[in-house]
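Under my numbering, the first residue of the sequence shown carries the number 478, and numbering increases by one thereafter.
The structure appears below as structure tokens.
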Amino acid sequence: MSSPDSNLIRTLAESIDRSSPPEASNREDETPSLVEGHRARILKIDQDEARFLGAIGNRCYSAQQLIEEDLRCFFNFSGKKARLVGDLDDRMDKAAMLEALKERKSKTKSGGTSSSGAQNKEDTRSGAPIKEKRKASPEKKERRRKRRHEGRGSTSLDFIRHLVPDQDFDQLKRTPDLEVFETAGLHFMQSLAWFGEAASRFSKARAEVIKTKRSYYGVLGRHDALMKQLEEIQTKESVEKESLSTELESARAEAQTYKAQVQSLETQVQSLDARAQFAEEEIKLRLAEVEKLQEERANYWALEKEKFLKSKISTVYA
């Protein structure tokens, strides 16, 4: 039992996208959303299920291995059979798958044109009128539908054969609801086709998360550097502030000492002024006393002179 080839599934999905109808070529300028693209791809798979199933019908799958591969892709583990590092597009053999799909498509087209040509020749040989041809057209549609159903059923059964053990396949084939198993197998294959796309998108999202995480760590590193610079600036400012505060305190102390000195000098000046006033008053008093003494002396001299003259006169007349 071999493991599922994710390259094959992704290549089939891309080939389905490339085989777009002519209406899509007229709308190349428009950019459809992801949901519209998914819907278009599902419609293409539903319209051409036989080609899709026939291309991968020769592969063998195991349910256990499918689960293991799903877990490996989801958790991004690299195993022996599935490399899950990088984008899945780089490991797809696109050329081989596209050539096989083109050959199968050309074969189906050639078979359809040959059958339609043979039927037209038979109708012209028989010479039947146009009305009979119109009546036979529903029968042709019924035959075509049966052929499509048979081809689709065979490819679906081939795919289910690889999933179901051999001893249970005969019993499964005899069940009346075989179409249910065929549709289930078809939807399972569609989910496999979308699994490669989901894995690639998951890897891209994971890369974006890693990128944003790295940028976040870079921003955190720059933030830490800026915080360190801010702390250094704050420490420098605090040191300068402390030095300025000490200088201011010393200047204030000096100013207070100068103020005290000025106050002491003012008190000394006031005391000197008081002493000067007191000295002036004493000088004035002394001057007044001197003047008084001078007057008393002058008076005393005049009296003594009169006494002396009187005594002289008395002595003379005596």
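Note that CB positions come from ideal geometry on N, CA and C, so glycine has one too.
- Per the coordinates, the alpha-carbon of residue 717 lies some 30 Å from the alpha-carbon of residue 697.
- Rounded to the nearest whole angstrom, the CA to CA distance from residue 749 to residue 742 is 10 Å.
- For the pair residue 736 and residue 752, the Cα-to-Cα distance works out to about 24 Å.
- The Cβ neighbour count for residue 676, taken over all protein chains shown within 10 Å, is at least 16; the residue is labelled buried.
- Distance from the CA atom of residue 745 to the CA atom of residue 758, rounded to whole angstroms, is 20 Å.
- The C-alpha of residue 668 is placed about 30 Å away from the C-alpha of residue 688.
- Residue 679 and residue 580 have their C-alpha atoms spaced approximately 33 Å apart.
- Only residues of its own chain outside the window of five on either side were considered, and among them none has a CB closer than 7 Å to the CB of residue 709.
- The alpha-carbon separation between residue 712 and residue 724 amounts to approximately 18 Å.
- For residue 683 and residue 695, the gap between their C-alpha atoms comes out near 18 Å.
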